[in-house]
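Just so you know, we're using numbering that gives the first Met the number 0 here: the sequence shown kicks off at 0 and counts up by one.
Worksheet for the structure shown next.
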Amino acid sequence: MAARARGEDDTVVRLVDAAIAEIGEMIRIPDVPEEPRFADIYRTVVAEYERVYGPSDTLFTAFGDIFELRKDVFAALEAIEDPLLEDITPPAMQPVGTTFPMTNNRLVENSMDFLLRERRDVVRTWITRADTYFPMIEQIFREEGVPDELKYLAMIESGLNPRARSWARAVGMWQFIASTGRVYDLEVNAWVDERMDPEKSTRAAARHLRDL
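Right under this line is the structure:
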């Protein structure tokens, strides 16, 4: 707070990022997340975080939209009895012209139905971000020889949020950890984090996907 009052923006960002990392470590300790003091610390960090980055979306991942959404989707899928691949009806939506086979079964259809029925707000946000980022991703994937449909991984990884940050310290649209990002020439240090650069991280992601 003192650094923010002095206008030291870079210091504020570093302190907030360090606090997020510390909470990420604390939350793994049994019983700590249940302690009232932890809740107080968490609320303070969230408040500072939102002053720096704006309202949290996928950045504060333990409580962020993309990770809560995954939990909700998985819970909905658990409710399906005997989800055998052969026990399905023809899917209502068919993918067109994909390099990889796009499996359609009852689990997939149930996930799509859940998103469209229960989380339209999230889908609208994804579509808005896709309008911004997909043209760039598609161009880079073409240049790197990566199948176009893999662009959707960024939706699942981060909700197409370039500033997404996980408790595991994965950062950016493609959720690189620092060591993997450096392997693909992303600069990651106390002052610069190119994992949050949409174009550079997408180039790195394309090369990483190609190497898998």
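For glycine and all other residues, C-beta sits at the position ideal for the given N, C-alpha and C.
*Is Leu83 helix, strand or coil when you go by DSSP?*
Numbered from its first residue, the sequence shown carries residue 83 at position 84. The predicted model places Leu83 with a pLDDT of 49, which falls under 50 and marks its position as unreliable; any figure quoted below should be read in that light. Residue state, collapsed to three classes: coil.
*asked:* Let me confirm a value: Val175 is counted as buried when at least 16 other C-beta atoms fall within 10 Å, else exposed. Which label applies?
replied: As a position in the sequence shown, residue 175 is number 176, starting the count at 1. Here the sequence assigns Phe to residue 175, which means Val is not the residue at that position. Per the 10 Å Cβ criterion, buried.
*Would you say the region 150-169 touches the region 126-139, given that touching needs at least three Cβ pairs under 8 Å?*
Flag = yes, the region 150-169 and the region 126-139 touch.
*For Val187, which of helix, strand or coil comes out of DSSP?*
As a working mapping, residue 187 is identified with position 188 in the sequence shown. Reduced to three states, the DSSP call for Val187 is strand.
*asked:* Mapping the DSSP letters down to three states, classify Val145 as helix, strand or coil.
replied: Along the sequence shown, one-based indexing puts residue 145 at 146. In this structure, Val145 counts as coil in the three-state DSSP scheme.
_Please state the DSSP three-state secondary structure of Asp196._
Taking the first residue of the sequence shown as 1, we reach residue 196 at position 197. Reduced to three states, the DSSP call for Asp196 is coil.
*Going by CA-CA distance only, name the one from Ser165, Pro146, Thr179, Val191 that's closest to Glu24.*
In the sequence shown, counting from the first residue as 1, residue 24 sits at position 25. Check the Cα spacing between Glu24 and each of Ser165, Pro146, Thr179, Val191: the tightest is with Ser165.
*Please determine, among Ile40, Pro35, Trp190, the residue with the shortest C-alpha to C-alpha distance to Ile19.*
Taking the first residue of the sequence shown as position 1, residue 19 is located at position 20. Comparing Cα positions, the closest option is Ile40.
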